[in-house]
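Please read the structure below before turning to the comments.
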Amino acid sequence: QFNVKKSTEPVQPRALLKFPDIYGPRPAVTAPEVINYADYTLKTTAEPAAPASPQAPNDSRLKRQVTEELFVLPQNGVVEDVCVMETWNPEKAASWNQAPKLHYCLDYDRQKAELFVTRLEAVTSDHDGGCDCYVQGSVANSMGSVEAQTALKKRELHTMWEEGLVLPLAEEELPTATLTLTLRTCDRFSRHSVVGELRLGLDGVSVPLGAAQWGELKTSVKEPSAGTGEVLLSISYLPAANRLLVVLIKAKNLHSNQSKELLGKDVSVKVTLKHQARKLKKKQTKRAKHKINPVWNEMIMFELPDDLLRASSVELDVLGLGAEGQSCVLGHCSLGLHASGSERSHWEEMLKNPRRQIAMWHQLHL
Numbered sequence: 118q119f120n121v122k123k124s125t126e127p128v129q130p131r132a133l134l135k136f137p138d139i140y141g142p143r144p145a146v147t148a149p150e151v152i153n154y155a156d157y158t159l160k161t162t163a164e165p166a167a168p169a170s171p172q173a174p175n176d177s178r179l180k181r182q183v184t185e186e187l188f189v190l191p192q193n194g195v196v197e198d199v200c201v202m203e204t205w206n207p208e209k210a211a212s213w214n215q216a217p218k219l220h221y222c223l224d225y226d227r228q229k230a231e232l233f234v235t236r237l238e239a240v241t242s243d244h245d246g247g248c249d250c251y252v253q254g255s256v257a258n259s260m261g262s263v264e265a266q267t268a269l270k271k272r273e274l275h276t277m278w279e280e281g282l283v284l285p286l287a288e289e290e291l292p293t294a295t296l297t298l299t300l301r302t303c304d305r306f307s308r309h310s311v312v313g314e315l316r317l318g319l320d321g322v323s324v325p326l327g328a329a330q331w332g333e334l335k336t337s338v339k340e341p342s343a344g345t346g347e348v349l350l351s352i353s354y355l356p357a358a359n360r361l362l363v364v365l366i367k368a369k370n371l372h373s374n375q376s377k378e379l380l381g382k383d384v385s386v387k388v389t390l391k392h393q394a395r396k397l398k399k400k401q402t403k404r405a406k407h408k409i410n411p412v413w414n415e416m417i418m419f420e421l422p423d424d425l426l427r428a429s430s431v432e433l434d435v436l437g438l439g440a441e442g443q444s445c446v447l448g449h450c451s452l453g454l455h456a457s458g459s460e461r462s463h464w465e466e467m468l469k470n471p472r473r474q475i476a477m478w479h480q481l482h483l
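In this text, residue positions in the sequence shown follow my numbering: the first is 118, and each later residue adds one.
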């Protein structure tokens, strides 16, 4: 038989388990910075056979706890931000002051009437890890000029391109034609700048044009600009919806030498969609109040069929509000295959990458 006793007194649980002391993991000593690491040992969980008599605290242990320095290491035990000193190389240091050079090879195809620029290599005195570079070639003759450019490559001290440039040129135009090879850079904000250029006259070169050679780039070349500022915008095309999206982000360094009273006034952007020479539609952004570096962050959408995209263009007019309420043009920019430089490359990148927003800075002109 079992006797069951009922009690109204609360029963408190008793902790019968004794947990050992918990120590952090011992970090791996992988760097000379880790010094004076304490040689800790884990305590056992077994109960002592007999209670030990109380002892005075160990003075050496207390002294060590006070004088030790604790170093916090990552979990993998690797110390980051280790400074590595590079040995001095006089040959490399001497090359830092040299002008950039471009390696090229010219060839001509009589049947296709095309000029080929291959085996392109660039050697510069410095490099920027956040920039890309490319080579742009243009041929100017009595009939006009044509341009072509390579793909973007990460800028290094020695940059090489696998592809070449193909420029259409009639054989009878060779004596009067001039070839210009320009080395350009593009930073992470899609701003293009000129490193140097090389001009070659094709009048004294026989067909076939010859072997590969090095040419020194002239670094005094500057971007032709009217000095009216820059505008940052992104464009994209949605083929399924037949929509062209233009996002006006911001502008900087806006100024006008002719209308100085417009500085700091309300600024807006008029966007015009054109097909060849015909204006299809135009829209205008909101006004940015009293700013020389205005910010819009406004999207403008146009309905445009896919078959009209290559022959179309987008024109931008930055407008400043005058004292009498009239709008005056502060700068102009046109994007399309008819343009040159960054305006053309921006449109080409949009055609190659549908459904993707591509942003670039563009120089404004009067």
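The C-beta atom is built at its ideal place from N, Cα and C for all residues, glycine as well.
Asked                                                                                                       : Found
Test item: CB-CB of residue 436 and residue 369 under 8 Å                                                   : no
CA-to-CA distance, residue 483 to residue 443, given in whole angstroms                                     : 18 Å
Contact check, residue 297 vs residue 254, beta carbons under 8 Å                                           : yes
First and last residue of the uninterrupted beta strand (DSSP E) at residue 262                             : 261-266
Which residues DSSP lists as bridging residue 480, in chain order                                           : 347
Residue nearest to residue 234 in terms of C-alpha spacing, selected from 352, 223, 362 and 392             : 223
Euclidean distance between Cα positions of residue 316 and residue 420                                      : 43 Å
Residue 263 versus residue 282 - alpha carbon distance                                                      : 11 Å
Residue 303 beta carbon less than 8 Å from that of residue 383                                              : no
Residues sharing a beta bridge with residue 258, DSSP                                                       : 261
Residue from 371, 221 and 358 whose Cα sits closest to the Cα of residue 347                                : 371
Short Cβ contact (8 Å threshold) for residue 414 with residue 352                                           : no
Uninterrupted beta strand (DSSP E) stretches inside the stretch 429-481 (no shorter than 3 residues)        : 429-438, 444-453 and 475-480
C-beta neighbour in chain B for residue 389, strict 8 Å                                                     : The displayed structure is made up of one protein chain only, and chain B is not part of it.
Where residue 333 falls: helix, strand or coil (DSSP)                                                       : strand
Three-state secondary structure (DSSP) of residue 289                                                       : helix
Straight-line Cα distance separating residue 241 from residue 194                                           : Reliability of the predicted coordinates at residue 194 is poor, the pLDDT of 42 falling under 50, and the value obtained from them is presented with this limitation in mind. Their backbone Cα atoms lie some 39 Å apart in a straight line.
Selection from 310, 313, 328 and 312 that minimises the alpha carbon distance to residue 236                : 328
Residue 310, enclosing beta strand (DSSP E) - first and last residue                                        : 309-318
Nearest candidate by alpha-carbon position, reference residue 226, set 274, 259 and 288                     : 288
Residue 361 (DSSP reduced to helix, strand or coil)                                                         : strand
For residue 472 and residue 78, the rounded distance between their alpha carbons                            : For residue 78 there is no data in the structure shown, the boundaries of the chain being 118 and 483.
Collapsed DSSP secondary structure at residue 249 in the structure displayed                                : strand
Three-state class that DSSP yields for residue 340 in the structure shown                                   : With a pLDDT of 48 at residue 340, under the threshold of 50, the modelled position of that residue is not reliable, and the figure given next carries that caveat. Reduced to three states, the DSSP call for residue 340 is coil.
Separation of residue 392 from residue 425, as counted between CA atoms                                     : 7 Å
Exposed unless 16 or more other CB atoms sit within 10 angstroms - verdict on residue 172                   : Caution is warranted here: a pLDDT of 49 is assigned to residue 172, below 50, making its placement in the model unreliable, and no coordinate value can be reported.
Cβ neighbours of residue 402 in the same chain (closer than 6 Å, five flanking residues each side left out) : 365, 385, 386, 413 and 415
Residues near residue 270 by beta carbon distance below 8 Å, same chain, minus five either side             : 249, 250, 251, 276, 277 and 278
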